[in-house]
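Take a look at the structure below.
Structure representation (structure tokens):
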């Protein structure tokens, strides 16, 4: 039950898939076909090497394209990285602070803060991912972790209002495990995030779309989207199946 003025957003994080250009193009075209007429905002986030191919495949469909990460600097000696202007040249969105980036590649809250500000400065919509690990959840530290991560993510923005910021609540214990959070869990996390944003920028908090991510499946999607503070989903594995992804999109606007 997306809040007033907040258009449902469903983003597909393809991670390191598909393995070839033809597969990326075919998946993008299949998503276009399967989601025709859907009123949700749809974003596909392929590996950086396939961004141009996917952008071409979805051109004219209304579907957006996003990168899975980027560097905060506009240029420089950062081997293997892609810059905000590079992303902005082909895409309109970028996922930042995903738990896999934090856990596997050492991305810190400070890194996410810089990247969110850089994305906004270069006209990109940042999808800032936050969420607690299994250990943190068991220790009762969910609120502490989300508070730290959300405050860091917006700390370098002059204001949240007008920034286009999207926040994805991705409990790490649910990502890729099949152990999806309940609708109540998703709402509790989303409400906490909106409350944190509201404390500093009420207008921005009301504008910000909060997505749920973490083993999002078609049969669970409607329950998430019925919650008042959940405005969409950041979808992992199911985004590699056009029919499953389309079912999630349809649930978002039901």
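Numbering (this note's numbering), first residue to last: -6 to 247.
Where a beta carbon is used, it is the ideal one built from N, C-alpha and C, also for glycine.
As assigned by DSSP and simplified to three states, the class of residue i
i	result
residue 87	strand
residue 209	coil
residue 134	coil
residue 36	strand
residue 31	coil
residue 153	coil
residue 204	strand
residue 16	helix
residue 53	coil
residue 247	coil
residue 69	coil
Span of the beta strand (DSSP E), counted from its first residue to its last, around residue i
i	result
residue 123	118 to 123
residue 228	225 to 228
residue 5	2 to 6
residue 165	Taken as a continuous stretch (DSSP letters only), residue 165 belongs to no beta strand (DSSP E), as it is neither H nor E.
Element boundaries [alpha helix (DSSP H), containing residue i]
i	result
residue 107	102 to 114
residue 199	195 to 200
residue 98	92 to 98
Through-space distance from residue j to residue i, alpha-carbon basis
i	j	result
residue 5	residue 242	10 angstroms
residue 27	residue 234	10 angstroms
residue 11	residue 126	27 angstroms
residue 38	residue 92	16 angstroms
residue 1	residue 217	12 angstroms
residue 162	residue 208	12 angstroms
residue 167	residue 160	17 angstroms
Selected residue, minimal CA-CA separation from residue i, among the options
i	options	result
residue -1	235, 183, 225 and 9	225
residue 51	22, 156 and 195	22
residue 117	217, 28, 59 and 148	59
residue 109	126, 17, 99 and 87	87
residue 221	234, 202 and 229	202
residue 42	54, 137, 74 and 56	74
residue 103	90, 96, 186 and 113	90
residue 94	240, 8, 219 and 2	8
residue 115	65, 24 and 189	65
residue 79	101, 54, 55 and 63	63
residue 146	237, 76 and 193	193
residue 17	34, 47, 35 and 24	47
residue 165	56, 3 and 96	96
In DSSP terms, what residue i is bridged to
i	result
residue 81	Answer by DSSP bridge pairing: none, since residue 81 is not bridged.
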